[in-house]
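Counted the way full-length UniProt numbering counts, the sequence shown spans residues 1 to 513.
Virtual Cβ for every residue (Gly too), placed ideally from N, Cα, C.
Here the structure is a predicted model, which is why all the values come from computation and not from measurement.
This report refers to the structure that appears directly beneath it.
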Amino acid sequence: MYDRVFEAFEEILRYGYTPNTFSRNIVMDVLFKIERVEVALRVLKETQVPNFLSYSIAVCNLCKLNDLDNLQDVLMIMLSKRYYPNEETFFVILNCYCKGGRIAEARQILGLMIVLGVPICERVWSILINVYCKAGNMDAASHLLKKMVESGYSPNVVTCTSLIKGFFESQMPSKAFGILDTMETKGCFPDLVLCNVLIDRLSKMGRYEDAINAFFLLREQRLIPDSYTICSLITTVCLSKQFVELPLLITGFEIQPDLVACNSFLSYFCKAGYPAGAVQFYNDMIDRGFVVDKYTFAGLLTGLCKSGRIGEAVKVYRGLVRSHIGLDSHIITVIINGLIKSGKFHKAISLIKKAASAKSQLDDVSYGIAISGLLTGGQVGEAYALFRQMKEVGLAPSKQTYNLILSGFCKGNDISMIKEILLEMVDASVEVDHFTLRFMKNLLYRSRHSASLFTLLTDVSTSGILPREAYAELINELVHQVNISNVHTDRFSNLDVGTSSSDEIQEVAVSVG
Numbered sequence: 001m002y003d004r005v006f007e008a009f010e011e012i013l014r015y016g017y018t019p020n021t022f023s024r025n026i027v028m029d030v031l032f033k034i035e036r037v038e039v040a041l042r043v044l045k046e047t048q049v050p051n052f053l054s055y056s057i058a059v060c061n062l063c064k065l066n067d068l069d070n071l072q073d074v075l076m077i078m079l080s081k082r083y084y085p086n087e088e089t090f091f092v093i094l095n096c097y098c099k100g101g102r103i104a105e106a107r108q109i110l111g112l113m114i115v116l117g118v119p120i121c122e123r124v125w126s127i128l129i130n131v132y133c134k135a136g137n138m139d140a141a142s143h144l145l146k147k148m149v150e151s152g153y154s155p156n157v158v159t160c161t162s163l164i165k166g167f168f169e170s171q172m173p174s175k176a177f178g179i180l181d182t183m184e185t186k187g188c189f190p191d192l193v194l195c196n197v198l199i200d201r202l203s204k205m206g207r208y209e210d211a212i213n214a215f216f217l218l219r220e221q222r223l224i225p226d227s228y229t230i231c232s233l234i235t236t237v238c239l240s241k242q243f244v245e246l247p248l249l250i251t252g253f254e255i256q257p258d259l260v261a262c263n264s265f266l267s268y269f270c271k272a273g274y275p276a277g278a279v280q281f282y283n284d285m286i287d288r289g290f291v292v293d294k295y296t297f298a299g300l301l302t303g304l305c306k307s308g309r310i311g312e313a314v315k316v317y318r319g320l321v322r323s324h325i326g327l328d329s330h331i332i333t334v335i336i337n338g339l340i341k342s343g344k345f346h347k348a349i350s351l352i353k354k355a356a357s358a359k360s361q362l363d364d365v366s367y368g369i370a371i372s373g374l375l376t377g378g379q380v381g382e383a384y385a386l387f388r389q390m391k392e393v394g395l396a397p398s399k400q401t402y403n404l405i406l407s408g409f410c411k412g413n414d415i416s417m418i419k420e421i422l423l424e425m426v427d428a429s430v431e432v433d434h435f436t437l438r439f440m441k442n443l444l445y446r447s448r449h450s451a452s453l454f455t456l457l458t459d460v461s462t463s464g465i466l467p468r469e470a471y472a473e474l475i476n477e478l479v480h481q482v483n484i485s486n487v488h489t490d491r492f493s494n495l496d497v498g499t500s501s502s503d504e505i506q507e508v509a510v511s512v513g
């Protein structure tokens, strides 16, 4: 259809006619619709007698394209020619600036509307309040709400949703609930968008029961949950560990989940301790014709690994590698974690080395999980090799990873490696955590190299990488023990100072990722 417009325009030129403003407006509109913005603006510029419609077409199309810079230029020319947008066009312009976060320009448009006598309707107030809520300026948003009410307009559910979300995000829940209470007294009931906001924000605040109660509002208002609702609800259920509640909550709703919601269901099955259900659900997705993505595969791999079907998980992973699907760090971490937990350390190491050589998107979490698993399995040498490889490929180890490898060497009584890692941590300004310092304390008591280790700790203490209070307690404890040993030298060897255990390694590993 658009091609015929251009053909007709070319015919006009071929016969030697000069296209009038009407025909040029049509061509310009089509050019905007196919996103040939520069050509469309050139047509506008070359139009000998542009009219109000010429500029209105350009302004509305630029708003649809969110082209704020060109919009500003066209508006300036339009206004200089004393062509003023009508009420609906002003609304479109204002909405465009607000969505783009251009508050200064939005205020200028508002001022122009007031000067020209354009009514400031309910929609305009809602847009302005929303832009300040998004910017986190709740004082300004509240002031506008007051002005809106004084002007004789009542905020609708859209306005209230912006305010409630803004107050929650600004850590002012009491004011958000105040808006909700006011809505109830005015007979204004939540719509699907507001219910989704309530479920999401209440869940993030840890108020899981309130989030689930917000979901019940859907039944009261006879609303049908969408994909966002389902994803937020699943997140709430998983965070609250109330896994058995999900089937009860969604029973009776005709849910048509999209891919994002299906991926959330896969995650739910794995976290709920039913990984076989995740695999079964994946097969059902394929049967229904879903085109799966990397998040789907991450859910499938997690389900296979947690079901003990490691061989199948490896086959799926290799298939993904061969098909050149964009493997992200999460997928690689899932399969590495599964291999390590099943005791297949060497296969996990081989896989992570291949992934690194293939320049896959390995991250610190991937390496951290592998290092944690290897240390738990007593593979300190292999863990350190991965630590070195991590640095060689340009990944800076996190605080957790540094402390993890340092704890491993403490357990192995390897003073020279402890010194090396500690000095690296000094250079990287990475702090020793309390878990690792506890390992080092235990090593001080039982190692024949305790003097050299104590000297090393004293040297690095000035760098600020040791927790101050914990280090001070350690020094006081050591001084106390020395004083006792001077009086009762025969008791020192019998002191119960505690030993590092595999449980402590697990505690450190938990903090990774």
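- Gly464 carries a coil assignment under DSSP once its states are collapsed to helix, strand and coil.
- The beta-carbon separation of Pro119 and Glu150, rounded to 15 Å, does not stay under the 8 Å limit for a contact.
- Your pair Ser232 and Ile179 does not check out as a contact, with CB atoms roughly 20 Å apart and the cut at 8 Å.
- Secondary structure of Lys411 (DSSP, three-state): helix.
- Taking the CA atoms as reference points, Cys410 sits about 7 Å from Leu443.
- Under a 10 Å Cβ-count criterion, Gly381 is classified as exposed, with fewer than 16 other Cβ atoms of the shown protein chains found around its own Cβ.
- Residue Leu53 holds the alpha-carbon nearest to the alpha-carbon of Tyr84 among Leu53, Tyr97, Thr296 and Gly100.
- For the set Phe269, Leu223 and Thr235, the Cα lying nearest the Cα of Gly252 is the one of Leu223.
- By the Cβ test, the segment 210-222 is not in contact with the segment 169-184, since fewer than three Cβ pairs between them sit closer than 8 Å.
- Taking a C-beta distance under 9 Å as the contact criterion, Ser162 and Cys121 do not qualify as a contact pair.
- Straight through space, the alpha carbons of Phe281 and Lys294 are spaced by roughly 16 Å.
- Using a 10 angstroms sphere on the CB of Lys315, the tally of other CB atoms stays under 16, which defines it as exposed.
- For secondary structure counted as the alpha helix (DSSP H) over 4 or more consecutive residues, the segment 37-74 holds these complete runs in sequence order: 37-46 and 52-64.
- Taking 9 Å as the cut-off, the Cβ atoms of Leu437 and Leu466 count as close.
- Linking Phe32 to Val321 through their CA atoms gives a straight-line distance of about 42 Å.
- Rounded to whole angstroms, the separation of the alpha carbons of Gly152 and Cys160 is 16 Å.
- In this structure, Val59 places its C-beta atom within 9 Å of the C-beta atom of Met78.
- In the structure shown, Thr401 adopts helical secondary structure according to DSSP, grouped into three states.
- When DSSP states are grouped into helix, strand and coil, Lys186 belongs to the coil group.
- Runs of the alpha helix (DSSP H) lying entirely within the segment 90-156, each at least 4 residues long, are 103-115, 122-134 and 138-150 in chain order.
- Under the 10 Å beta carbon count, Thr458 is surrounded by fewer than 16 other beta carbons and is classified as exposed.
- In terms of Cα proximity to Val393, the closest of Phe168, Ala356 and Gly187 is Ala356.
- With respect to the 9 Å criterion, Gly303 and Ala278 are classified as neighbours on the basis of their beta carbons.
- Sequence-distant Cβ neighbours of Asn20 in its own chain, meaning closer than 8 Å and more than five residues away, do not exist here.
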